[in-house]
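Q: Per our numbering, the sequence shown runs over residues 465 to 540.
Glycine is no exception: its CB is placed at the ideal position from the N, C-alpha and C atoms.
Just so we're clear, the structure is a prediction, and the values are computed from it rather than from any experiment.
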Amino acid sequence: MAQPIFCLYDDKAPESKAKQKIKVGGVLQLTEGKRGYLVGFLNITKKFDETRDYLYPIPSGDIMLNKKLEQNPNWK
465 MAQPIFCLYD
475 DKAPESKAKQ
485 KIKVGGVLQL
495 TEGKRGYLVG
505 FLNITKKFDE
515 TRDYLYPIPS
525 GDIMLNKKLE
535 QNPNWK
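(1) Compute the distance between the beta-carbons of Phe470 and Gln484, then report whether it is under 8 Å.
(2) Starting from Glu497, trace the beta strand (DSSP E) both ways and give me its first and last residue.
(3) Pull the bridge partners of Tyr567 from the DSSP assignment, please.
(4) Expressed to the nearest angstrom, what Euclidean distance is found between the alpha-carbon atoms of Glu479 and Pro468?
(5) From this set, Val488, Gly489, Pro521, Ala466, which residue's C-alpha is nearest Ala482's C-alpha?
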């Protein structure tokens, strides 16, 4: 039998041979209470800003390496 990759728990970490144990609740939640998809920050409303969110920010290290680069709009 294959070893589980991860184990989800909601109270106290169980004995498990899983490589990673993930506590559900707070920041990480399941979309349907005790089941569903594992998502982060489910309780925070996300808002799409069309003046900014079509492009990712350029990492500051890349801008430092190439002075001709400018940050994408509204990511300063």
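A: Walking through what the data contain:
(1) As a position in the sequence shown, residue 470 is number 6, starting the count at 1. As a position in the sequence shown, residue 484 is number 20, starting the count at 1. With a cutoff of 8 Å on beta-carbon distance, Phe470 and Gln484 are scored as near each other.
(2) In the sequence shown, the residue the question calls residue 497 occupies position 33. In the sequence under discussion, the amino acid at residue 497 is Gly, which differs from the Glu named in the question. Looking at the DSSP string, Gly497 is not in any beta strand (DSSP E), and its letter there is neither H nor E.
(3) Here the chain comprises residues numbered 465 to 540, so residue 567 is not present and cannot be evaluated.
(4) Reading the sequence shown from its first residue, position 15 is the one you call residue 479. Reading the sequence shown from its first residue, position 4 is the one you call residue 468. Straight-line Cα distance between these residues: approximately 12 Å.
(5) Taking the sequence shown and counting its residues from 1, one reaches residue 482 at position 18. Comparing Cα-Cα distances from Ala482 to each of Val488, Gly489, Pro521, Ala466, the minimum goes to Ala466.
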